[in-house]
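Chemist: Per this note's numbering, the very first residue in the sequence shown carries number 655; after that it's consecutive.
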Amino acid sequence: MKKGTKKFVDKTYKLTRDAAPLSFMLPTRNSRRFPLLHFDDVTGTNRALRYARNQNSPFEDEQDGNAILEPVIFEDGFLNVPKNNQVLQEFLHYHPLNGKKFNEVNEAKDAAEIVEILNLEVDALIEARQLSIEMIENVSRVLFGKDSSKVSTAELKRDILIFAKREPQEFLNILGDPMLKLQGNVALFFDKKLLTFRKNQKEVWFNTSSNKSRMLVVPYGEDAKFIVASYLSSDEGLDSLKLLESILES
Numbered sequence: 655m656k657k658g659t660k661k662f663v664d665k666t667y668k669l670t671r672d673a674a675p676l677s678f679m680l681p682t683r684n685s686r687r688f689p690l691l692h693f694d695d696v697t698g699t700n701r702a703l704r705y706a707r708n709q710n711s712p713f714e715d716e717q718d719g720n721a722i723l724e725p726v727i728f729e730d731g732f733l734n735v736p737k738n739n740q741v742l743q744e745f746l747h748y749h750p751l752n753g754k755k756f757n758e759v760n761e762a763k764d765a766a767e768i769v770e771i772l773n774l775e776v777d778a779l780i781e782a783r784q785l786s787i788e789m790i791e792n793v794s795r796v797l798f799g800k801d802s803s804k805v806s807t808a809e810l811k812r813d814i815l816i817f818a819k820r821e822p823q824e825f826l827n828i829l830g831d832p833m834l835k836l837q838g839n840v841a842l843f844f845d846k847k848l849l850t851f852r853k854n855q856k857e858v859w860f861n862t863s864s865n866k867s868r869m870l871v872v873p874y875g876e877d878a879k880f881i882v883a884s885y886l887s888s889d890e891g892l893d894s895l896k897l898l899e900s901i902l903e904s
């Protein structure tokens, strides 16, 4: 084969998960009900698409008046297009549902994506397995809002491993969050009733023997415990954080 010569190959397309799982008829001509338009970067115009098996182009403005239209149907979620039907392959390439309702099967790309996902799961599970007891308790408070004093360590480990496998990226992001320990302590402050909510969780109040005052008002739509953690990490809240931590340690 000469250098630069295009290689024609058979191609397979598959429906995405949100499309019909068994049979799906793809729109094959431009209409008001379903516009089939492709924006041409060269001419700056929208060009109508139409699949006709006896034409050499998928663009209606390049077809003659003898176009023979035929349906394009995915069977059992797949559509096989031989290399001698280049007009259909090109039509599918430009189709506005490409990437939404269907994708071209690319086994090498699919395999690479699966490997990446599996590696992420492995990394998350390794990190989860190596967590110290203190970190297990902190992560459990942040992820599940659990009081670790009421649940066995084995149960906490199980729940964390399951979460790490199901949501590896989120789990790794949480572990990398510098606020993790503080957010875990904030959950513990509420568990131990050192902090309490009032007015339908719109306000957070101190509840220590020496301080019964209001700490803050939770802004509408914000996560209360995150707001508390942000306050306690600020210069204004640092003394309160030290006091609450000293009470926990006593």
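Yeah, the Cβ is synthetic: ideal placement off N, Cα and C, and Gly gets one too.
The model shown is predicted, which means the values in this text are computed figures rather than measured ones.
Once you ignore the five residues that flank Gly-838 on each side, which residues in its own chain have a CB closer than 6 Å to its CB?
Modeler: As a position in the sequence shown, residue 838 is number 184, starting the count at 1. For Gly-838, where only same-chain residues beyond five positions count, the Cβ hits under 6 Å are Asn-792, Arg-795, Val-796.
Chemist: Whole angstroms is fine: what's the gap from Lys-661's alpha carbon to Val-735's?
Modeler: Along the sequence shown, read from residue 1 onward, the residue named residue 661 stands at position 7. Along the sequence shown, read from residue 1 onward, the residue named residue 735 stands at position 81. If you take the alpha carbons of Lys-661 and Val-735, they lie about 15 Å apart.
Chemist: How many Å lie between Ile-780 and Phe-825 at the Cα?
Modeler: Mapped onto the sequence shown, residue 780 falls at position 126. Mapped onto the sequence shown, residue 825 falls at position 171. About 11 Å.
Chemist: State the Cα-Cα distance for the pair Lys-754 and Arg-683, rounded to the nearest angstrom.
Modeler: Looking up residue 754 in the sequence shown gives position 100. Looking up residue 683 in the sequence shown gives position 29. Looking at the two C-alpha atoms, the distance is approximately 18 Å.
Chemist: Using 8 Å as the cut-off, can you tell me whether the segment 750-768 makes contact with the segment 799-815, which would need three or more C-beta pairs spanning the two stretches below that distance?
Modeler: no
Chemist: With distances taken Cα to Cα, identify the nearest neighbour of Tyr-748 among Glu-714, Gln-855, Asp-730, Asn-760.
Modeler: Working through the sequence shown from its first residue, we reach residue 748 at position 94. If we check each option's Cα against that of Tyr-748, Glu-714 comes out closest.
Chemist: Under the rule that 16 or more other beta-carbon atoms within 10 Å means buried, what is Phe-851, buried or exposed?
Modeler: Locating residue 851 in the sequence shown gives position 197, where the first residue counts as 1. Result: exposed.
Chemist: So Leu-785 and Ile-816 are in contact, right, with Cβ under 8 Å, and what is the actual spacing, rounded?
Modeler: Taking the first residue of the sequence shown as position 1, residue 785 is located at position 131. Taking the first residue of the sequence shown as position 1, residue 816 is located at position 162. No, Leu-785 and Ile-816 are not in contact; Cβ-Cβ is about 14 Å, not under 8 Å.
Chemist: Could you tell me the boundaries of the beta strand (DSSP E) in which Ile-727 lies?
Modeler: For the purposes of this step, residue 727 is identified with residue 73 of the sequence shown, where counting begins at 1. Residues 726-729.
Chemist: Within the segment 822-897, note down every full beta strand (DSSP E) run reaching 3 residues or more, in order along the chain.
Modeler: 849-852, 857-860, 868-871
Chemist: Are Leu-897 and Met-869 touching if we call contact CB-CB under 8 Å?
Modeler: As a first step, residue 897 must be located in the sequence shown, where it is residue number 243. As a first step, residue 869 must be located in the sequence shown, where it is residue number 215. The answer is no: Cβ separation not under 8 Å.
Chemist: Is it right to say Phe-688 is buried, meaning 16 or more other beta carbons lie within 10 angstroms of its own, or is it exposed?
Modeler: Residue mapping note: residue 688 aligns to position 34 of the sequence shown, counting from 1. Exposed, since its Cβ has fewer than 16 Cβ neighbours within 10 Å.
Chemist: Quick one: Cα of Phe-860 to Cα of Ser-867, how far?
Modeler: Here the question's residue 860 lines up with position 206 in the sequence shown. Here the question's residue 867 lines up with position 213 in the sequence shown. Looking at the two C-alpha atoms, the distance is approximately 6 Å.
Chemist: For Leu-676, I'd like the list of residues in its chain whose CB is within less than 7 Å of its CB, leaving aside the five on either flank, ordered along the chain.
Modeler: Translated into positions along the sequence shown, residue 676 becomes position 22. Closer than 7 Å at the Cβ level, and outside the excluded window around Leu-676, lie Asp-730, Gly-731.
Chemist: Looking at Asn-710 and Ala-721, is the spacing between their C-beta atoms short of 8 Å?
Modeler: Position 67 of the sequence shown holds residue 721. Position 56 of the sequence shown holds residue 710. No; because the gap between Cβ atoms is not below 8 Å, this pair is not in contact.
Chemist: Could you say which of Glu-857, Ala-782, Asp-694 lies nearest to Ile-828 if we only look at CA atoms?
Modeler: Counted from its first residue, the sequence shown places residue 828 at position 174. With distances taken between Cα atoms, Ile-828 lies closest to Ala-782.
Chemist: Short check: CB of Ala-878 to CB of Pro-822, under 8 Å?
Modeler: The residue given as residue 878 occupies position 224 in the sequence shown. The residue given as residue 822 occupies position 168 in the sequence shown. The answer is no: Cβ separation not under 8 Å.
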